[in-house]
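Asker:
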Amino acid sequence: MQSKNNDASLEALQDIRSIMDRSARFVSLSGMSGIWAGFVALIGASIAHIMLQEPHYRQIGKANEAGPQQFDAYTLHFVMLGLGVFVVALLGAFYFTFKKAKKHSHVLWNNASRQLLIQGFFPIMAGGVFCVTFIYYGCGLFVAPACLVFYGLALISGSRHTLSDIRYLGMLDVLLGCCAIFFPGFGLYFWAAGFGILHIFYGAMMWSKYDK
Amino acid sequence: MSNPIEQLNKIFDSRIRIGIMSALIVNDNVNFNDLKSLIDVTDGNLATHLKTLEENAFIKVEKGFIGRKTNTVYSITITGEKAFRSHLDALEKIIKGLS
């Protein structure tokens with residue numbers, strides 16, 4: 040009789056915990072999403088690296104006499120590359136997360152995922168505005184650090200609504216961004232480390248922890 | 021020491037009610053459809069249990085609209101939170117006392 044009560048209590052507590060987690064946290068986030076985003080970022084950084092061999096591209100984001108820099112074709116190529124990387128990374132991340140949610144028959148659009156998107160959206164949007172204005176005012180060397188810091192802040196603020204590992208990834212990105220400010224000219228390497236290597240590392244870790 | 025089993029709240033006997041309270045205790049508010057998919061119950065079943073909890077003043081109901089569709093959101097009351105926490109304490113005592 041007593042052990043029957045014990046079992047029932049344990050079962051009730053496990054139920055409670057599972058529902059608390061699923062309702063407040065978006066647990067379907069797949070580690071594969073991170074790995075994908077990391078590889079896309081590394082490919083994007085390599086393309087940017089090759090583009091930067093060309094002298095025209097080296098002028099992007101540098102202050103000139105004429106005041107705020109014109110958005111010429113070269114700048115546009117670079118911004119398009121950045122946006123392209125962001126969209127391809129996001130689509131792939133969405134695909135893997137969609138697959139994981141389906142496998143566990145969890146819903147993708149719920150209170151937790153809504154909160155995650157809202158909390159993450161504001162820092163990302165602010166970061167986007169800052170990056171574009173940095174290029175506009177000829178302070179291109181701040182773009183990579185700003186990307187890392189704002190993205191890291193977005194992860195920290197969103198992490199309350201998803202797997203907690205995301206918080207540490209966010210903190211590392213913020214720290215890396217802060218370091219990057221002191222190494223002008225190496226922005227792309229910091230960017231590749233933060234968005235490429237850290238994503239792959241954390242993605243693989245989360246994959247083996249939750250998805251395997 | 022009183023028997024912890026007696027401290028269990030009869031209202032939280034049902035899995036569905038426990039599910040509702042668990043979701044509401046960690047969120048400011050949750051709407052009907054989210055609760056439904058979270059706990060995996062039928063509309064009617066969920067509505068009945070929500071009604072019971074509301075009658076006991078454990079949850080608050082707010083009816084609103086998104087466009088033309090009704091959007092009913094539920095949140096936990098202070099009474100509800102207290103009752104649910106002491107139910108959890110009792111569950112914990114039972115497990116600790118016997119294992």
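Chains as they are written, first to last, in the working numbering: chain D, 40 to 251; chain S, 21 to 119.
From the three backbone atoms N, C-alpha and C, an ideal C-beta is built for every residue, glycine too.
Name, going along the chain, the residues of the segment 47 to 58 of chain S whose beta-carbon falls closer than 7 Å to a beta-carbon of chain D.
Answerer: Of all residues in the segment 47 to 58 of chain S, Asn47, Val50, Asp54, Ser57 and Leu58 have a Cβ within less than 7 Å of some Cβ in chain D.
Asker: Around the Cβ of D/Asn150, are there at least 16 other Cβ atoms within 10 angstroms (buried) or fewer (exposed)?
Answerer: Buried, by the Cβ-count rule.
Asker: Is the segment 56 to 72 of chain D touching the segment 150 to 170 of chain D in the sense that three or more CB pairs, one from each, lie closer than 8 Å?
Answerer: Touching, per the Cβ criterion.
Asker: What residue range does the alpha helix (DSSP H) around D/Gly235 cover?
Answerer: Neither: D/Gly235 is in no alpha helix (DSSP H) and is coded neither H nor E.
Asker: Under a CB-based cut-off of 9 Å, is S/Ala43 close to chain D?
Answerer: So yes, S/Ala43 belongs to the interface.
Asker: Who pairs with D/Tyr134 in a beta bridge, going by DSSP?
Answerer: In the DSSP output, where bridge partners are listed per residue, D/Tyr134 has none listed.
Asker: Using the beta-carbon count (16 or more within 10 Å), is D/Met164 buried or exposed?
Answerer: That one is exposed.
Asker: If you run the structure through DSSP and keep just helix, strand and coil, what is S/Ser95?
Answerer: Correct three-state label for S/Ser95: strand.
Asker: Could you check whether the Cβ of S/Ile114 sits closer than 9 Å to any Cβ belonging to chain D?
Answerer: Yes, S/Ile114 lies at the interface with chain D (some Cβ there is under 9 Å from its Cβ).
Asker: Can you tell me whether S/Glu82 is helix, strand or coil according to DSSP?
Answerer: S/Glu82: strand per DSSP, three-state reduction.
Asker: Please report how far the alpha carbon of S/Arg68 lies from the alpha carbon of S/Thr92, in whole angstroms.
Answerer: The amino acid occupying residue 68 of chain S in the given sequence is Thr; Arg does not appear at that position. Those two C-alpha atoms are separated by around 14 Å.
Asker: Do the CB positions of S/Ile38 and D/Ile58 come within less than 9 Å of each other?
Answerer: For S/Ile38 and D/Ile58, yes; Cβs fall inside 9 Å.
Asker: Against chain D, does S/Ile25 count as a neighbour if the rule is that its beta carbon must be under 9 Å from one of theirs?
Answerer: S/Ile25 counts as touching chain D.
Asker: For the alpha helix (DSSP H) that D/Leu68 lies in, which residues bound it at each end?
Answerer: Here D/Leu68 belongs to no alpha helix (DSSP H), and DSSP marks it neither H nor E.
Asker: How far does the alpha helix (DSSP H) with S/Thr68 in it reach, from first residue to last?
Answerer: Start and end: Asp63 to Glu75.
Asker: When the cut-off is 9 Å and only beta carbons count, does S/Leu108 lie next to chain D?
Answerer: Yes, its Cβ sits closer than 9 Å to a Cβ of chain D.
Asker: Apart from the five residues on each side of it in sequence, which residues of its chain come closer than 6 Å, Cβ to Cβ, to D/Ala140?
Answerer: For D/Ala140, where only same-chain residues beyond five positions count, the Cβ hits under 6 Å are Ser67 and Leu147.
Asker: Go to D/Arg97, then tell me how far its alpha helix (DSSP H) extends in each direction, as first and last residue.
Answerer: First-last of the alpha helix (DSSP H) with D/Arg97: Pro94 to Arg97.
Asker: Check for me: the alpha helix (DSSP H) holding D/Asp250 runs from which residue to which?
Answerer: Taken as a continuous stretch (DSSP letters only), D/Asp250 belongs to no alpha helix (DSSP H), as it is neither H nor E.
Asker: How do the segment 190 to 210 of chain D and the segment 127 to 136 of chain D stand: do at least 3 beta-carbon pairs fall below 8 Å, yes or no?
Answerer: Result no; under three Cβ-Cβ pairs closer than 8 Å.
Asker: In chain order, what residues of the segment 46 to 69 of chain D put their CB closer than 7 Å to some CB of chain S?
Answerer: Answer in chain order: Ser48, Leu49, Ala51, Leu52, Asp54, Ile55, Ile58, Met59, Arg61, Ser62 and Ala63.
Asker: Count the other C-beta atoms from every protein chain shown that fall within 10 angstroms of the C-beta of D/Phe125, then say buried if there are 16 or more, exposed otherwise.
Answerer: Buried is the call here.
Asker: Using the Cβ count rule (16 or more neighbours within 10 Å means buried), how would you classify D/Val182?
Answerer: Result: buried.
Asker: Could you round the C-beta distance between S/Met41 and S/Gly100 to whole angstroms and report it? I think they count as a contact, below 8 Å.
Answerer: About 7 Å; that satisfies the 8 Å criterion.
Asker: Count the other CB atoms, across all protein chains shown, that sit within 10 Å of the CB of S/Asn65; report buried if there are 16 or more and exposed otherwise.
Answerer: Burial call: exposed.
Asker: Identify the residues that DSSP records as bridge partners of S/Asn148: which are they?
Answerer: Examination of residue 148 of chain S is not possible in this model, given that chain S is present from 21 through 119 alone.
Asker: Kindly confirm or deny that the segment 22 to 30 of chain S and the segment 229 to 240 of chain D touch, where touching means at least three C-beta pairs closer than 8 Å.
Answerer: Judged by Cβ distances under 8 Å, the segment 22 to 30 of chain S makes no contact with the segment 229 to 240 of chain D, as fewer than three pairs qualify.
Asker: If I measure Cβ to Cβ from D/Ala243 and keep anything under 7 Å in the same chain, skipping five residues before and after, which residues do I get?
Answerer: Correct list, in chain order: Gly70 and Ile74.
Asker: Is it buried or exposed, D/Ser196, if we count other Cβ atoms within 10 angstroms and call 16 or more buried?
Answerer: Buried is the call here.
Asker: Measure how close the beta-carbons of D/Tyr113 and D/His95 come, nearest whole angstrom, since I'm counting them as under 8 Å.
Answerer: Correct: roughly 5 Å between the Cβ atoms.
Asker: Which residues in chain D sit within 7 Å of S/Gly84, going by Cβ to Cβ distance?
Answerer: Under the 7 Å cutoff, chain D gives no residues; its nearest Cβ is about 15 Å from S/Gly84.
Asker: Go ahead and label D/His200 buried or exposed: buried means 16 or more other beta carbons lie within 10 angstroms of its beta carbon, across all protein chains shown.
Answerer: Label assigned to D/His200: buried.
Asker: Kindly indicate if chain D contains any beta-carbon less than 9 Å away from that of S/Gly39.
Answerer: With 9 Å as the cut-off, S/Gly39 counts as an interface residue toward chain D.
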